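Enquirer: Below you will find the structure I want to go over with you.
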Amino acid sequence: MRFARFGLLLLTFLGGLWVYFAQGDGSKPAPEDPMIALIATARAELINHAPFPPSSRAPLTAARIHLQAGRPERARALILPELVGEWSAEAHYLLGILESRAQLWQRTLDALTLALTPGAAYPEKPIAPFRLARALEETGRIPAARLAYQLDHDLSGDGEALFRLGLLDIEAGHFPKAKANLENALGRFTQPQARSRTLAALSDISLASNDLSQARDLLEQAAALHQHPELLHRLAQLCRRMGDTEAAARYAAEAGE
Amino acid sequence: MTDVTDSSGLGILPLRADLEPQALIEVKGGGLALIDGDGDGDLDLFLPRCGGSTSDLSQTSGGRYLENLGGLQFRDATATSGLSFSHWSFGSAVGDVNGDGLDDLFVCAHGPNMLFLQKPEGGFMDASVSAGLAATSAWSSAASFGDLDGDGDLDLYVANYVKFDFDSLPKPMLFRGAQVFGGPMGLAAEPDEIYFNQGDGTFTPATAHFASPKPAYGLGVVIADFDANGTQEVFVGNDSGPNFFFQRKGAAPSQGDPVSPPQETNAGGSTGTEVHSADQQAALFFTDCGLTSGLAFDENGLGQATMGITLGDVNRDGLPDLFTTNFMGDRNTLHLNLGDLLFDDATRRWGLGQLSVPYLGWATTFLDLDCDGTEELLAFNGHVYGDLICREQGWKHRQAPLLFGQEGNRFAQIRAKEAGQWVLSQGVDRGAVRGDLDGDGDLDLICRTLSGSLRLLRNDALPGRSVVIYLSQPNSKNPSGIGSRIALLGGPEPQHRWITSSGTYQSANAQHAQFGTGPFRGPFHMEVTWPDGTPEKFPNIMPGMSFVLVRGSGQ
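Heads up: the sequence lines are chains A and B, in that order.
For reference, each letter of the first sequence is one residue, going 1 to 257 in this note's numbering.
For reference, each letter of the second sequence is one residue, going 258 to 812 in this note's numbering.
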C-alpha cells in the first residue's frame with residue numbers, strides 16, 4: 001500500500017513536470033491554480049489505465065437513465081444521497097453533468113474536482129477531464145482548461161478537445177498552432193455539424209491574416225455542411241466587407257436578418 | 258493606481274446596504290458624471306442615486322454632488338448645488354446646451370428626465386420643463402449629447418429601457434434554475450427619445466427624424482463620427498437584442514428626396530453636410546444601419562446585453578473601434594471599425610473573449626494608464642442578482658475588474674503584480690469615469706458600486722509622459738467640441754481620442770483627452786477634426802503639459 005501511494009505520488013510529480021514543460025503554446029500554467037495539480041494527478045492515473053468497470057451502484061445507474069431521458073430532478077434526487085460514501089466520486093461526476101447542463105459552471109467545477117478523486121473507479125472517469133475543461137474555460141481558468149483539454153485528447157484521441165484547444169489558441173493569438181489543432185480536429189470529425197463549426201473557426205484564422213477570400217471560402221464550405229443562421233450572418237457580414245452586396249443580401253435573408 | 262478613497266472624502270456611506278434585489282430596476286444603475294460645476298477649473302462629481310429597495314423609494318432617490326476641493330479631496334455639496342430632485346436616477350450626460358460656456362447636466366430617471374443648467378455664479382438650476390425635456394414618464398437609462406443635425410449645437414439622444422411600474426413589479430422568473438426577479442425579457446420596451454436643440458438650450462422632439470426599429474431595451478448610447486465624414490452617428494447599446502446604429506441621411510425617405518452629398522472641402526471649412534435652416538432640419542433622417550454595419554449583433558448574429566460602451570483606436574487607423582461589456586456567460590465584444598460604417602467582431606482574435614465570460618460587465622473604458630502611448634482596456638464588473646442567489650448558484654456577486662494591455666494586434670490581461678492591488682478589489686460595480694482629477698497629466702478613475710459606494714483610484718504614472726488636451730470652440734454653441742476627434746501625431750504611432758458626452762456605463766467622462774507619450778520628448782503636433790468635420794493642425798505640443806486648443810487659432 002505504501003509503495004502504491006509512493007508510486008502515485010511519483011506519477012503526480014512526473015505529471016506535474018510534464019504539465020510544466022509540455023505547454024505547446026509556450027505559456028506557463030498559472031502556478032496558483034490548484035487545478036493544475038489536480039489535472040496532473042488525473043493524467044498520472046488515467047493515462048494507460050485499463051477501462052474502468054461498469055457502475056455497480058444501483059441508484060447511480062438509475063440516475064444515469066434519468067439523465068439520458070432528460071429528467072434532471074429525478075436524477076438529482078438519486079445522486080444527492082450518494083455524494084458521501086463509497087461512491088462519492090461517481091456521484092459527483094453525475095452531479096457535474098447535471099450542473100453543466102444548467103450552465104452552472106462553478107458548481108460543475110466543484111463537482112468534477114471531487115469526481116477526479118484518485119483511486120475512484122467509475123466508467124466515465126476518463127471523459128471527466130473534458131467536462132472539467134469546459135467548466136474551467138467557462139470560469140475563466142484558461143491555462144488549466146488547456147491542460148484538461150490536452151489530457152482529454154491524449155486519453156480519447158477524438159477531435160473535440162482539439163477543436164476547443166484550437167479556439168483557445170486563436171484567443172491566445174497562436175494562429176499556426178490553432179490552425180494545426182483545428183485541421184487535426186477536422187480530420188477526425190465525421191459529423192457535418194462538427195466539421196462545419198471547425199471550418200468556421202478556421203475562417204477566423206484567415207481573417208486574422210486578412211485573407212478575406214479564404215475566410216469566405218471556408219465559411220461557405222461550413223454553411224454547405226450545416227446551414228446555421230450564425231454562419232449565414234457571418235457570411236453576410238464578410239460579403240459586405242468584401243463589397244459583394246448581392247451575396248451579402250442573399251446570406252442576410254437566409255440568416256433571417 | 259492607488260485606491261485613495263478613504264482619504265478623499267468619497268468614502269461616503271453607501272446609499273443603502275447591499276440588499277437582495279427584488280426588482281430589475283434595483284440593479285441597473287447607475288452612472289457617474291464629471292463636470293466642473295463651480296467654474297473653478299477642476300472636475301466635480303455627480304452621483305445619480307438609484308438601486309435601492311422598491312419597498313422604500315424615498316431613501317434611495319435623488320443624486321449627490323461632490324465638490325472637488327483640489328488635491329483629490331471632495332466634499333458633499335449636494336445641498337447647495339441646486340441638484341435637487343426625488344426620482345430614481347441612472348445615467349447622465351454632460352454638455353453645454355445653451356452655449357454659455359458652462360457645462361450642463363442631463364439626468365436620466367424613472368419618470369421625467371432632468372436638465373440642470375449651470376449658473377454663472379456656480380451651482381445648477383432645473384430647466385427640465387422650460388427646455389422641453391421633462392415630458393417623458395419612461396425609465397431612461399442613458400443619454401448622450403451630440404450635434405446630430407449639423408447645426409452646431411448639442412442635440413440629445415435618450416436611451417430608454419423597459420416599461421416599469423413600481424406598483425406592479427414583474428413576476429419572478431427562472432434563470433439557470435434559480436428564481437430571480439423578472440425582466441427585462443418579457444417586459445415591454447420603452448422607445449428611445451431624441452431631441453433637437455433649438456440653439457438656445459431648448460429642445461424639440463426629433464424622434465420622427467429617426468427610423469423606428471422595434472423598441473428595445475436601451476442601456477447605453479454614444480454619439481461620434483464613426484466614419485470620419487463630418488457627421489455624427491449614434492450607437493445605442495440594447496439589452497438582449499440588436500443594437501441600433503443610426504446614420505444620418507440628408508433627407509427623409511418618405512419625401513423621396515435624395516441623400517445630400519457631402520460638400521467639397523474648403524480651407525478651414527466643413528467637410529460634412531451642414532444643416533442650418535429649419536427646412537433642412539425637417540428633411541433630416543437617420544436610418545438604422547445596425548445590421549449592415551455589424552454592430553447590431555456579435556459575430557454569430559446573437560444579441561448581447563451591451564451594458565458598457567467605450568471608443569478607442571486599437572488598430573491606429575483613426576477610426577473609433579467600439580468595445581462593449583456583456584452579461585456573464587457571454588463575451589465582451591470588440592467591434593473593429595473597418596471604415597464606411599462596417600465593423601468586424603474581432604473579439605476572439607484580439608484575445609478579449611473567453612476571459613470575460615465569467616464576468617458580468619458594466620463600465621468600460623480605454624485609457625492609457627501608464628502613459629506609454631498605448632491605451633489599456635478596463636472593464637468593471639458585478640452581478641445583478643443578490644449575494645444569496647449568487648452563492649447558491651456558484652456565481653460571484655462581487656467581481657474584480659478586468660484590465661487588459663495591448664500587445665500588437667491583441668490584448669492580454671494585466672494582473673495585480675503589474676497593475677497593483679486595485680485590480681483585485683471586488684465590488685458590485687456599475688458606472689465609472691476617467692479624468693485627470695489631480696492635474697498631474699495622467700488619468701484617474703472613480704468607480705461606483707450598485708449601492709453607491711465610490712472608489713477613487715489615483716494614477717501614479719511617471720510624470721511628464723503625457724499631454725492633456727482641452728478643446729475650445731469660441732462663439733460656438735458647443736464650446737467644448739463634443740463630437741471632435743483629436744489625433745496626436747509625430748510620435749512613433751498616431752493616437753486618436755474622441756470627445757463624447759457619455760460613455761463607460763451611464764456615465765460622463767471628463768471632456769478632455771489624454772495622450773501618453775512614453776519616453777518621447779516631442780515636439781508632437783495635434784490634428785483636431787471638429788464636430789462638423791473641419792480639420793485643424795496644432796503644432797509644438799510638448800509632453801508634460803496641458804493645452805487648450807482653440808478652434809481657428811491653430812494654437
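Every residue, glycine too, gets a C-beta built ideally from N, C-alpha and C.
No experiment lies behind these values; they were computed from the predicted model shown.
Using 8 Å for Cβ pairs, my map puts B/F347 next to B/G288. What's the rounded Cβ distance?
Expert: Going by Cβ atoms, the distance from B/F347 to B/G288 rounds to 7 Å, so yes, they are a contact pair.
Enquirer: With distances taken from CA atoms, which of B/A669, B/T774 and B/W787 is nearest A/H174?
Expert: A/H174 has its Cα closest to that of B/A669, out of B/A669, B/T774 and B/W787.
Enquirer: Just how far apart, CA to CA, sit B/S338 and B/G379?
Expert: If I take the Cα positions, the gap works out to 8 Å.
Enquirer: Using the C-alpha atoms, what's the distance from A/A222 back to A/R197?
Expert: Approximately 7 Å between the Cα atoms of the pair.
Enquirer: Starting from A/H66, trace the alpha helix (DSSP H) in both directions and tell me its first and last residue.
Expert: Per DSSP, A/H66 belongs to the alpha helix (DSSP H) from A58 to Q68.
Enquirer: Please give me, in chain order, every unbroken run of the alpha helix (DSSP H) with length at least 4 that falls completely inside the region 548-592 of chain B.
Expert: Taking only runs of at least 4 residues, no alpha helix (DSSP H) segment lies wholly in the region 548-592 of chain B.
Enquirer: Output yes if chain B places a C-beta closer than 8 Å to the C-beta of A/L207; else output no.
Expert: True, the Cβ-Cβ gap to chain B drops below 8 Å.
Enquirer: Any beta carbon of chain A sitting closer than 8 Å to that of B/T549?
Expert: It does; some Cβ of chain A falls within 8 Å.
Enquirer: Using only CA atoms, which one of B/A473, B/D383 and B/P788 lies nearest to B/L340?
Expert: Nearest C-alpha to B/L340: B/D383.
Enquirer: Report the neighbours of A/H174 on chain B: residues whose CB is nearer than 9 Å to its CB, in chain order.
Expert: Chain B residues near A/H174: none, gap ~10 Å exceeds 9 Å.
Enquirer: Span of the alpha helix (DSSP H) holding A/F163?
Expert: First-last of the alpha helix (DSSP H) with A/F163: G159 to A172.
Enquirer: Who are the neighbours of A/T139 on chain B, taking C-beta pairs under 7 Å?
Expert: Ordered by position in chain B, the residues that pass the 7 Å Cβ test against A/T139 are P615.
Enquirer: Mind checking B/L559: buried by the 16 CB within 10 Å criterion, or exposed?
Expert: Exposed, by the Cβ-count rule.
Enquirer: Please decide whether A/E257 counts as near chain B, where near means a Cβ-Cβ distance under 8 Å.
Expert: True, the Cβ-Cβ gap to chain B drops below 8 Å.
Enquirer: How close, in whole Å, do the beta carbons of B/T604 and B/G610 come, if the pair is a contact with beta carbons under 8 Å?
Expert: Contact flag correct, Cβ pair sits at about 5 Å.
Enquirer: Going by the beta-carbon positions, is the gap between B/H640 and B/V685 smaller than 8 Å?
Expert: Yes, these two residues count as a Cβ contact at 8 Å.
Enquirer: Would you mind sorting B/F423 into buried or exposed? The rule is 16 or more other CB atoms within 10 Å of its CB.
Expert: Counting Cβ neighbours within 10 Å, B/F423 comes out exposed, since fewer than 16 surround it.
Enquirer: Verify the CB distance criterion: does B/F795 have a CB-CB separation below 8 Å to chain A?
Expert: With 8 Å as the cut-off, B/F795 does not count as an interface residue toward chain A.
Enquirer: Is the beta carbon of B/D699 less than 8 Å from the beta carbon of B/S723?
Expert: Yes, the Cβ-Cβ distance between B/D699 and B/S723 is below 8 Å.
Enquirer: Hey, does A/P229 have any beta-carbon neighbour from chain B nearer than 8 Å?
Expert: Yes, A/P229 lies at the interface with chain B (some Cβ there is under 8 Å from its Cβ).
Enquirer: Determine the direct distance from the alpha carbon of B/D693 to that of A/K125, and round the result to whole angstroms.
Expert: Rounded to whole angstroms, A/K125 to B/D693 spans 56 Å at the Cα level.
Enquirer: Note down, in chain order, every chain A residue with its Cβ under 7 Å from the Cβ of B/E675.
Expert: By Cβ distance, chain A contributes nothing, its closest Cβ being about 14 Å from B/E675, past 7 Å.
Enquirer: For A/Q191 and chain B, any beta-carbon pair shorter than 8 Å?
Expert: For A/Q191, the answer is no, since every Cβ of chain B falls outside 8 Å of its Cβ.
Enquirer: List, in order along the chain, the chain B residues whose C-beta lies closer than 7 Å to that of A/R71?
Expert: Residues of chain B passing the Cβ test: none, with the nearest at roughly 15 Å.
Enquirer: If you compare alpha carbons, which of B/M585, B/T488 and B/G586 is closest to B/T786?
Expert: Comparing Cα positions, the closest option is B/T488.
Enquirer: Spell out whether any CB of chain A is found under 8 Å from the CB atom of B/D578.
Expert: Not an interface residue.
Enquirer: Locate the alpha helix (DSSP H) running through B/R332, then write down its first and last residues.
Expert: Segment Q330 to D333 is the beta strand (DSSP E) holding B/R332; no alpha helix (DSSP H) there.
Enquirer: Residues of chain B with CB under 7 Å from A/E171, in chain order?
Expert: Result: R605, G608, G610 and Q611.
Enquirer: If you measure from the beta carbon of A/Q237 to each beta carbon in chain B, is any gap under 8 Å?
Expert: Answer yes: the Cβ-Cβ gap between A/Q237 and chain B drops below 8 Å somewhere.
Enquirer: Could you check how far apart the C-beta atoms of B/D449 and B/A416 are, in whole angstroms? I think they sit under 8 Å.
Expert: The Cβ separation is near 5 Å, so the contact holds.
Enquirer: For A/P229, does the three-state DSSP call read helix, strand or coil?
Expert: Helix at A/P229.
Enquirer: Assuming B/N370 contacts B/S385 under a Cβ cut-off of 8 Å, what Cβ separation, rounded to an integer in Å, is found between them?
Expert: Correct: roughly 7 Å between the Cβ atoms.
Enquirer: So, at 6 Å on beta carbons, what are the nonlocal neighbours of B/N797 in its own chain, with the 5 sequence-adjacent residues on each side left out?
Expert: So the qualifying residues of the chain are P780.
Enquirer: Alpha carbon to alpha carbon, how far is B/F543 from B/A465? Give it in angstroms, no decimals.
Expert: Answer to the nearest angstrom: the Cα atoms are 9 Å apart.
Enquirer: Flag this pair as touching only if the region 762-776 of chain B and the region 439-449 of chain B have three or more C-beta atom pairs under 8 Å; answer yes or no.
Expert: Touching, no, given that fewer than three Cβ pairs across the two stretches are closer than 8 Å.
Enquirer: Identify every residue that forms a DSSP beta bridge with B/G477.
Expert: Answer is B/G494.
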